Structures are given as structure tokens and as C-alpha cells.
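I have placed the structure first, in the form of C-alpha cells, so that the comments after it can refer back to it.
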Amino acid sequence: MEEIIEQLREANEPVPVPLELPDEDLLVEIEEQLFIDIPFVFREFLLTVSDVVYGSLEPVTVTDPQSHTYLPDVAANAWDAGVDRSLIPICQDGDDYYCVEEDGTVVLWSAEEELIQEETWESVWHWARDVWLES
């Protein structure tokens, strides 16, 4: 995990208005809005690297309600599109969504097929290394 955080920090692209990292209190508010608990490993991700801007993928953020990556809005759109309500989207990719399950596993939900693809990632950190950092 530390190695992936370091890689993401090094890859972070400068932007005119940098994002902020959330605190635990904000994550509790987000959970209350979503009516779902954020898995521990995804909490760590949000607390440590949700301010990173890199590549073509834009993982969800929680500090700016006006952002197109704001988790409650992305989740509402994903669930409206057919993503199971037990999944929390971590990143939208076109019409598809990378989502985290309760146990922290990351899956890819395909809009075209309206189902979860076979490929999974053990955690959001594995997804960040294998997908986000490669985007």
C-alpha cells in the first residue's frame, strides 16, 4: 500500500485548484448520505490519495460537492444505471463503473451487459496499481 501511495504521489499532476483530502468526520457524513458503510480499505484510499489527479481515470472524491467526481452523485448515477446498491463506485469509466464490495474487493460493472465482469482486484490498492496508474 505504501509503495502505491508513493507512486500515486509521484504521478500526481499539478492542477489549478488542487483537491483536498477528507477527514474521518467527512467520511461519516458521506456514509450517512449513501446509507452504506465505506469499507476500511476504501476509507484509507479516500483519506490518503483522493486528492491525486493522474491519467485518464478520475476516481471519486468527497470534499467538493460541486465536483463531477463527488461520491454521492457518482453513486446515485451508478445505482440508477443498474449497479447493485451494495456496491460503492470508486471510478466511472465511460458508462462502466469500478466498484468496491463490502469486503474491499474491486469489481468492474459493465453498462452494456448490465453485470459485473469476471476480472476483480483484491483491493482498491491493487486496482490503483493495475488500472489507475496504467491509465
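According to my numbering, the sequence shown is numbered sequentially starting from 632. Ideal placement from N, C-alpha and C gives every residue a C-beta, glycine not left out. No experiment lies behind these values; they were computed from the predicted model shown.
What separation, rounded to the nearest whole angstrom, lies between the Cα atoms of residue i and residue j?
i, j, result
"P647", "A759", "23 Å"
"R640", "P690", "14 Å"
"T694", "E655", "12 Å"
"D727", "N708", "11 Å"
"E749", "D761", "15 Å"
"F666", "V738", "20 Å"
"E662", "G713", "20 Å"
"N643", "R674", "20 Å"
Based on the DSSP secondary-structure assignment, which residues constitute the bridge partners of residue i?
i, result
"A720", "According to the sequence as given, residue 720 is Pro; it is not Ala. Bridge partners of P720: C730."
"T692", "Y701"
"Y741", "Looking at the sequence shown, residue 741 is not Tyr but Ser. Per DSSP, L746."
"W763", "Answer is none; W763 lacks a bridge partner."
Is the CB-CB distance between residue i and residue j below 8 Å?
i, j, result
"L688", "C722", "yes"
"W756", "V684", "no"
"L677", "P653", "yes"
"D682", "L650", "yes"
"T736", "W752", "yes"
"V680", "I719", "no"
"E733", "S717", "yes"
Quick test of the definition: if touching needs 3 or more C-beta pairs under 8 Å, does the stretch 740-752 touch the stretch 696-703?
No, because fewer than three Cβ pairs between the stretch 740-752 and the stretch 696-703 fall closer than 8 Å, the two stretches do not touch.
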